[in-house]
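Residue numbers (mature numbering (1 follows the signal peptide of the UniProt record, and there is no 0)): -26 to -1, 1 to 320.
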């Protein structure tokens, strides 16, 4: 199948992403993790702000089981903030409201390229969390039918970039569609109410719409999804490498726990996301791969290398050199290389 170059596609109908990501690229932090994460000498900070999100199942397990609180004790106050999407998590990281936050890989690259001082310290999942969805009675039968249609998408997130790649795959110019900016939950509502013709959906909302409203996935391509990235601010890594190590240890404990307790993991997911258990099982077992190498590396670079030029062509990043610098500096593997789930208290 022929594929129009992303550059010519996006230039034809340039879309500017206003994501509040400005400033120069930040300097490198050492990010060195300690050899152990005990608090014999006291923890480096008395606060820790981390996020939880329905697109990050491991975060839900860690929060539910209380492992951070048990490990850090009364000396560190753990604050949990819910991220509604990658853009929201990036905003909170940039503002200092979060020390550690979860995003799609594409969103982490975009943020870093535009100067947000974050590092990816763990890859929490390989999800197939995005697809193009239409209403049950829609005449749209395939992605080829999107030409001339109004499509809901949340700019700066994996579903948005999934949409751009889909349009390129089927030689549909951005000037041949209307893209309506909608938060993920609003996109689901707009699709089911008929306010948009199609939606670049995100699980678990997407799977819930399919099961409960009869919505149909008309294009699905796992290769267009970037991985789930766990990111930390450079200032946090420099000031509190001990706490960063505890968080990554907890993530690796949650990965093991989910593999050993899939029913319990699905139940936690269903409860937090407000979805039925069969939908939670479908998302976790059929559309999410948690059994991956958690160290960010070449596989993630390969995916981001495809997505990066989209940012430049769409005007979201000024120059390709910013993408190149971000790809060269985004990953910090020290913590996952040193991870030891056994250090996490029950």
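Even for Gly, the Cβ is constructed at its ideal location relative to N, Cα and C.
Under 7 Å between C-beta atoms of residue i and residue j
i, j, result
"residue 330", "residue 199", "In this structure the chain extends from -26 to 320, so residue 330 is not present and cannot be described."
"residue 301", "residue 22", "no"
"residue 304", "residue 86", "yes"
"residue 32", "residue 225", "yes"
"residue 319", "residue 90", "no"
"residue 30", "residue 261", "no"
"residue 36", "residue 67", "no"
"residue 38", "residue 253", "no"
"residue 158", "residue 141", "no"
Spatial neighbours of residue i in its chain, beta-carbon cut-off 8 Å, leaving aside the 5 residues before and after
i, result
"residue 63", "25, 27, 57, 72, 75, 76, 77, 81, 205"
"residue 114", "108, 120, 123, 171, 172, 192"
"residue 51", "20, 21, 22"
"residue 230", "315"
"residue 49", "13, 16, 17, 20"
"residue 160", "126"
Member of the options whose CA lies at the smallest distance from the CA of residue i
i, options, result
"residue 131", "207, 221, 247, 59", "59"
"residue 106", "267, 165, 17, 145", "165"
"residue 126", "245, 168, 312, 98", "168"
"residue 222", "234, 92, 311, 52", "311"
"residue 232", "266, 158, 102, 303", "266"
"residue 136", "201, 39, 263", "201"
"residue 189", "69, 97, 112", "112"
"residue 210", "99, 79, 41, 306", "306"
"residue 163", "142, 187, 147, 150", "187"
"residue 295", "150, 83, 139, 94", "83"
"residue 118", "239, 49, 151, 240", "151"
"residue 297", "161, 88, 244", "88"
Same chain, Cβ closer than 6 Å to residue i, neighbours up to 5 away in sequence not counted
i, result
"residue 194", "105"
"residue 96", "204, 222, 225, 268, 310"
"residue 155", "129"
"residue 227", "315, 318"
"residue 263", "100"
"residue 247", "28, 178"
"residue 116", "192"
"residue 53", "23"
"residue 94", "82, 203, 205, 270, 304, 305"
"residue 244", "251, 254"
Buried or exposed by the 16-neighbour rule on C-beta atoms within 10 Å, applied to residue i
i, result
"residue 47", "exposed"
"residue 20", "exposed"
"residue 178", "buried"
"residue 293", "exposed"
"residue 235", "exposed"
"residue 34", "buried"
"residue 251", "exposed"
"residue 69", "exposed"
"residue 40", "exposed"
"residue 215", "buried"
"residue 79", "buried"
"residue 219", "buried"
"residue 139", "buried"
"residue 325", "Lying outside -26 to 320, the shown extent of the chain, residue 325 is not represented and no answer is given."
"residue 143", "buried"
"residue 16", "exposed"
"residue 313", "buried"
"residue 276", "exposed"
"residue 110", "exposed"
"residue 65", "buried"
Sequence-distant residues of the same chain with beta carbon closer than 7 Å to residue i, five excluded per side
i, result
"residue 213", "18, 19"
"residue -12", "Here residue -12 scores only 35 on pLDDT, less than 50, and its place in the model should not be relied on; the value that follows carries that caveat. Cβ within range, chain order: 148, 153, 288."
"residue 134", "127, 128, 174"
"residue 280", "none"
"residue 196", "102"
"residue 239", "31, 35, 232, 258"
"residue 249", "178, 182"
Beta carbon proximity, residue i to chain C, threshold 7 Å
i, result
"residue 116", "This model lacks chain C altogether; it includes just one protein chain."
Under 8 Å, with one C-beta from each stretch per pair, do the region 249 to 268 and the region 172 to 189 reach the 3-pair mark? Here the region 249 to 268 makes contact with the region 172 to 189; the two share three or more CB pairs at distances below 8 Å.
Between the region 284 to 295 and the region 258 to 274, do three or more beta carbon pairs fall short of 8 Å? no
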